[in-house]
Each structure stands twice: as C-alpha cells, then as structure tokens.
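Reviewing the structure listed below.
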Amino acid sequence: MKKSDRPPAKRKARKARRREERPLTAKLVELLVKYKRAISVAVVLAACLAGAYLRLMPALKYGLELHGNDPWIEYWLTRYVVEHGVSSWYKLAPDNPDTRIFWYPWGRDFTRTEYPLIPIVAAVTYPIGKALGFTLKEWVALQPVVAGFFTILLGYLLVRELAGDLAGIIAAMLLAFTPGAIERTIVGFVEKIGFSMPIYILSLYLLARFLKRKRLAYATASGLTLGLLAWSWGGWQALQLMTALVLLLYPLYSRVDRRVLAGSAILALVTTLLTVLSPVVGAKTSLFGPSGALIASSALLMLGYVLELKGESVLGLSRFSPQVRYAIVLVGAFVIGVVAVLSGYIYVSGRILYLLGTAPESPLAASVAEHQTLPLRYTFNKTGIPLLLAVPFLVYATVASRRSPELLVLLVPGAVMAFLAFRSAYLMQAVSTTLAMAGGATVHLISRHASKALETRGGRGDDLGIAVSIIAVFAVTLAVAVQANTAVAYASTVIPTIKAGGTDLVVENNAWIYALSYIRENTDKNSVVIAWWDYGYWISVVTGRATVADGATLNATQIELLAKALTAESESEALDVIFNKFRAPQNSTYLVIFDVFRTASSGSEGMWLTGPMPFVSTGTEGRGDIPKSVWMLRISGKLGLYEMLPYFTIKRVMLPDGRMVALWGPDWQSPVVQNTLIYRLFVTGVTSMGFTWEGGCANLSGAHMFVDWMALGKGNLTSIWVQQPEHFKPVKTFVDCIFESGAEKIYVAVFIFKVEP
C-alpha cells in the first residue's frame, strides 16, 4: 500500500508517534522555530533596556550630572546653540567675546576645532527633553545613554546581517554588558567616541547590505553615515581608512562586478563630499587623507575588475589567477602609498602614527592619560569575554570571506581594533564595541547545526550536533551573564568626576563644587583663573571665568607657558608668564591647585600635621596636581620625557599590616622642590589652612604643619617650611572629607590664591 493510500487517521497517528519519539532537543528546536521572531525581538529589546539601565545607574544615586572633563564643553556649546540658534555655530570664532573665556587671551575658534554634531543634535532635540521635564544640562547628560541604546540595537542588526539572528542576539548582550562598551556611553560622559559608535555601526550595516544585495541605495546611505562621522569625532580618519581597506580587500575574496564598482564609487564620493563640508576638516585634510584613500580604493576596485577581464593581455600575467594579479598590484600600490606618506604628499595625523606603534615625542601628548598604552589586565577587565570570543571569528572570517565577502565589513575593523586594544585607553570604547560584535559573530561558528534545524522545521537533523550547539550557545550565554555581573559592579562604582572631588576615588566629594561656586559668586566677571588644563572646562563653563588652557589641548605653546609658570623657580618668572604672556588682569587673576591630604593631630591642642596622602593603588603621593606636576616639569623642559630626578624620589611607606611598599613623590626636603612654585604653593596652602578652610569637614582650625607622610618609612617625619610667596596670596581652601575621625581626616583640598603684581 502506498503512503498516499493509507487512511488519513493512520497517517496522523504515525506523525504523532514520531513527534513523541523525537528527542527533547528536536522538540526544543521546534518550539524555538515557532516563536523565533517574537523571542528575538523580546531578547534584543531586553538587552537594549538592560544596557540603558546599566548606563543610567550613576544617575540613580548621584542625579543627572556631567561626568569627566570634556562633557562640560559639549554642554556649553549646546547651551549656546539653544540660546542663539543652530546657525550660530559658525559664529563661535575668536572674535566672538563669548569664546574669550577659553584659551585666554586669544579665545577659541570652535568652528575649526570642535566637531558640531553632538551640540547640534542635543540642541535640536531639547524640546523633547524640555517637554519631559529635563533641564538642558540633564538632557545633555542623557545623550550617551541614548547612544548606548542605539549601539546595542544597531550592533544586533549588523551581526544578524552577517552571522544570523542568534549571533546578533549574543552581540547585543555583549554590547549591553561589556564595561569597555559602557564606559563612554554611561550617563553624563558626553564624549564624541561614544556618540559616534552607533553612526559607524550603521555605516557598516549599510555597507554589508550593499555587498550582499548590490543595491546602490545601500552604498549611498553608507557613504552618508560614514561622511557624517567627520562632523562628530576626530576618529573619522581611522574609520574611513578601515572602510577603504574593506573595499581594497574585496577583489581578493570575490569577483568584482559593475554594481560593486558603481557602489564603491558612490560611497567614496558621497563620503568625501560630506567630509569636505565638515567645518573642522576641509578639503585638504580630506582629499590628501582618508577620503582620498577611499577614492583610491574605489579606483583600485576598477583595476581589479580590469584585471579579471583583461589581466593576461595588460600585464602578461596569464599564469596567475585574477586574485593573485590584483594582489601584486595591491602590493605595488602599498609601496607607492608609503613613499607618498614619507614624502609628505599624503597626510597621516600624529595620533594615527602613535596608534600604529610610534612612541610619542611630545611630553604633552605623553601626559594625556587617554594616550597611555594598556597592560593586559586592564584591557581584559574592560573587554573581558568579547576579547576571547572575537579571535575565533577573526580567524574564521579570514577564510570564510571567500564565500561571504560581506564578512570583511566586520573582519577588518575587528582585526584593527584587536591590534589597538593595548595601544590607547581612549579607544577602549571603539575596541570593546567592535570586539563585542565580533565575539557575537563567533556564535555563528558553534550554532550552524541549530540554525539549520531551525530552518528545516521538523527534519530529524543531527541531534547530537544540535545538542552540542545548544550547549555551546548556552555556555556563551552563561559567560555573558558573568560579563553582566562585571558590568553591574563597574557601573555601580562610577561617580561624576566633579562629584568625586576631581579624583577617581569611589566616594562622593564636593570640594570642587564648593570652590567653583565661590569663584562664580565672589570674583569679577573679567577674572582669569590659572589652573592646569585638566580643569579648564570646569572653571570656564561653571563659573564663566576665563582660563588659559583646557582639555582641548589645542595650543601646545600656551600649555608649555602654563607649565613654566606653575614650575617657576622664582615668582618673577611666573608673573612674567601670567601678566605679560597671558595678559591676565592685574587685580583679578587667581590660581587654583588641588590634591588629597591627610591631617592628623600632633598631640598638642590646636596643632595639626598635614601632608599629601600616599596612595598605594597608584604608587603616588597625592591624587591630583602633585603627581601631575611631573608632567608640568617635563612639558616646561625642566625634566626629560622619562626623567624624575631631582624633583621626585622613590620612598618606602609602611602599611598597617607592616608591609613596606615603594611610592614616588616630590622630595619635599630638597631645595629644588622648595623653590618650585607649585610645591611652595602647596606648603603655603597647608600652613594657612587654619584660617582659609571652608567646606565639608569638621573643624580644621588651628595651626597646620606641612609634613611628608611618606617620610614615616624612614622614621623622619619632619615639618617642611618654605618662604611664603609675596605675590600669591591664599584666599580660600575648600575641603570635603573622604574619611574623618576625631584625630585624623583625609580630604580633597582645593586651594585658591590671588595673584598680585
């Protein structure tokens, strides 16, 4: 009897028995098939919301506040655009009095030194925030969280396009929970790199769809988003170069057709047009830099196409395949490019050269914490599981791109970011984001059996393979859960920097808030505040007073002059810089320094021993301007790039458990140190604290002797005295305690001096 001749009831019964006999894994697959789309949407939405919640955690405890230093200028610019209109951006030039509070006395040309996208987007969307009850500063502080949400969502879409739905879900989870991917999208940390990540991912997503579907609309849209990056972040150069590399490598993995040629040309031209129009970039930097590389890659694609058709007759390379012929030409083009760079015909920024492995020659560049190279432990703490998961995908995609050339879209950035993972702290957001997506794509390798089963709906398949795949995916999911726990621990320790006393200590401290409030309320509006560049944005934006340098680090000469003033060996040298070089007003100029101090009772009533707090965790004495002063000395030319003597020395400190540890700090008993202005001011600030202090500690009135707590290791705790400055008068010392008991206090102290001619 034929199957078709069997009674319908018997056929149904047989199918029912087969379903009952099928193993649990197959039943699970059927269930997943049935609700596949709904499950995917729910999980991705949950990942986006969980990621947003993690990024909002600091606000739940400390309120919506700006975090770090650079976000304050984004807030100031947004406020300016809200008050004066979007077109006012092009009026933010040095001749505008509003810009004179930055880089006094010259002012700052924001139109040529600042990327406008964040302030304009925040300003244009503020009516929404205002309707929801947010102040402008709160709305600006929320922008990183919005960027983080879309980073997760777009990361899912990109990885799903390349490696399937399950891989996209894992990528979304990794993006939600990886500390490095959270870092610059956490609430308040309004940074260009975090804001730019969803734009770049969208560009990659559109590029991947173009390479798969060969539709020119996708190439155009990818070019638009890639060009938009030149309006949002200085890293546009690296991102455009990576896209150019994707196009350059394409002929090695796939045949080039006319639609790919047309699409690559459109992408390059659209990207270049938007980049040239960026007020920060201009035609020369664009055309003789990354955008020119994009155009060149498009031209080489055309050459690859010609080599496929007529390579034998053109070059006489008939015995080689089209890919080998193209590779030979590519090597030649690379050599020509290197020669052009070395000859100066092609511009490569110093930052890119540094990231490629060159050592920084400038003390200023080396002093920026974000430029420091990273140890393995730090990198792993930030990237964690994505760093481990990304490697198998990169190896796999190197081979598999011959079948699926669109994998180059993630292979190239993944390989580049894996290399850069240890080069720069600043790039950790881009590194972690890219590796999280590559790590999610790795699931594609271990879930192919399950994916096939999901697609066949009811075929028996390889049940063992399905089981192994499910177990492997479960293991990855468990690893993501561990990563989520790490992310919660990280997010719970983030405090807005200005509410942590300007330190990285995990404790709320309002010393800087007190100081800024005093400057705003008690100084003339035309006052100038001399402070190290790290705090320039805080002072100018919060108080409205002019500063001579800030986190833009635009003018190396001005920062060198600032360093020379702070490390001057005589007051006249410092006054010459302040009043002649900086042209500061003679009756309205102030100087601000800060650090963390420890005060203990001397045993005599009304007498305190006070000195910089040693920190074993950083290996330094102090946590503010004292450890930073080594860079002031190097930038001023008083020390070489790697020198510390004679200003600094290694000291041994005894811990409570009796262990001795080595820390470095100023040699306070050295005449060289005692004659250097910044150290004289710290000693003067401490010895005058009894009548200048104000803030959040219990009574600090009385006489203070400056001591070097690290000298305890040598049994030589002696008081340090210096000649009181004649032209730098202590005005106020704002303190807020980190720890306080009856006989001991540890606190942040911000010293304000008035500079008199």
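Residue numbering for the sequence shown is 1 to 757, as defined by the UniProt record's numbering.
Backbone N, C-alpha and C fix where the C-beta goes; we use that ideal spot for every residue, glycine too.
Asked: So the candidates are LEU641, TRP231, TYR218, SER232; which of them puts its Cα closest to the Cα of GLU265?; Found: The residue asked about is misnamed: residue 265 is Ala in this sequence, not Glu. Among LEU641, TRP231, TYR218, SER232, the Cα nearest to that of ALA265 belongs to TYR218.
Asked: Would ASN526 pass as a contact of PRO614 if the rule is Cβ separation under 7 Å?; Found: no
Asked: Helix, strand or coil, according to DSSP, for TRP664 in the structure here?; Found: strand
Asked: For the alpha helix (DSSP H) holding TYR378, just list the boundary residues, first then last.; Found: 376–383
Asked: Rounded to the nearest angstrom, what separates GLY461 and TYR396 at their Cα positions?; Found: Note that GLY461 has pLDDT 47, beneath the 50 cutoff, so the model's placement of it is unreliable and the number below is only indicative. Between GLY461 and TYR396, the C-alpha separation is close to 24 Å.
Asked: Starting from the C-beta of LEU77, find all residues in its chain whose C-beta is less than 6 Å away, skip the five residues before and the five after it, and write them out in chain order.; Found: PRO119
Asked: Going along the chain, which residues of its own chain have a beta-carbon closer than 7 Å to the beta-carbon of LEU411, five neighbours each way excluded?; Found: LEU394, ALA397, THR398, SER401
Asked: For GLY168, which residues of its own chain have a beta-carbon under 6 Å away from its beta-carbon, when the five flanking residues on both sides are left out?; Found: TYR156, VAL159, ARG160
Asked: Quick check: what's the CA-CA separation for ARG55 versus GLU605?; Found: 48 Å
Asked: Extract the residue ranges of the beta strand (DSSP E) inside the UniProt domain "STT3/PglB/AglB core" (526–572), only unbroken runs of 3 or more that lie entirely within it.; Found: 528–530
Asked: By DSSP, does LEU591 sit in helix, in strand, or in coil?; Found: strand
Asked: In whole angstroms, give me the CA-to-CA distance for GLY458 and HIS444.; Found: Annotation note: pLDDT 48 at GLY458 (below 50); position unreliable, no value reported.
Asked: When the Cα atoms are used, what is the spatial distance from PRO105 to LYS581?; Found: 9 Å
Asked: Alpha carbons only, please: which of GLY63, CYS48, PHE594, ALA123 is nearest the one belonging to HIS84?; Found: ALA123
Asked: I'd like to know if the stretch 692–700 and the stretch 730–747 are in contact, where contact means that at least 3 CB-CB pairs between them fall below 8 Å.; Found: yes
Asked: Going by C-alpha distance, which of VAL476, PHE728, LEU132 is nearest SER588?; Found: PHE728
Asked: Using a Cβ-Cβ cut-off of 7 Å, state whether ILE182 counts as contacting chain D.; Found: In the structure shown, chain D does not exist; there is a single protein chain.
Asked: Taking only the alpha-carbon atoms, compute the straight-line gap between GLY292 and THR272 and give it to the nearest angstrom.; Found: 8 Å
Asked: Rounded to the nearest angstrom, what separates VAL145 and THR185 at their Cα positions?; Found: 6 Å
Asked: Which same chain residues, not among the five before or five after GLU740, have their C-beta less than 7 Å away from its C-beta?; Found: CYS697, ALA698
Asked: Can you give me the Cβ contacts of LEU206 inside the same chain, cut-off strictly under 6 Å, excluding the 5 residues immediately before and after it?; Found: TYR218, ALA221, SER222
Asked: Determine the direct distance from the alpha carbon of ALA487 to that of VAL190, and round the result to whole angstroms.; Found: 19 Å
Asked: Tell me which residue opens and which closes the beta strand (DSSP E) that GLU694 is part of.; Found: 693–696
Asked: Going by Cα to Cα distance, which pick from THR523, VAL338, TYR378, SER278 is closest to LEU229?; Found: SER278
Asked: By a C-beta neighbour count over all protein chains shown, 10 Å radius and 16 as the cutoff for buried, is SER572 buried or exposed?; Found: exposed
Asked: Within this structure, are the beta carbons of MET689 and GLU621 separated by less than 7 Å?; Found: no
Asked: For a test of the three-state rule: what should DSSP assign to THR610, helix, strand or coil?; Found: strand
Asked: Report the three-state DSSP secondary structure of ALA749 (helix, strand or coil).; Found: strand
Asked: Can you tell me whether DSSP reads SER183 as helix, strand or coil?; Found: Per the sequence shown, residue 183 should be read as Glu rather than Ser. Three-state DSSP puts GLU183 in a helix.
Asked: To the nearest angstrom, how far is it from the Cα of GLN669 to the Cα of ILE720?; Found: 7 Å
Asked: Quick check: ALA568 and LEU677, are their CB atoms within less than 7 Å of each other?; Found: yes
Asked: Could you give the distance in angstroms between the alpha-carbon of ILE193 and the alpha-carbon of TRP233?; Found: 6 Å
Asked: Comparing alpha-carbon positions, which option in GLU694, ALA552, VAL506, ALA574 lies nearest TYR537?; Found: ALA552
Asked: Within its chain, find whatever has a CB closer than 7 Å to the CB of LEU247; leave out the 5 residues flanking it on each side and keep chain order.; Found: SER264, SER297, SER298, LEU301
Asked: Under the DSSP definition of a beta bridge, which residues are partnered with ARG652?; Found: ALA662
Asked: If we require 4 or more residues per run, which alpha helix (DSSP H) segments fall completely within the stretch 249–293?; Found: 258–277, 283–287
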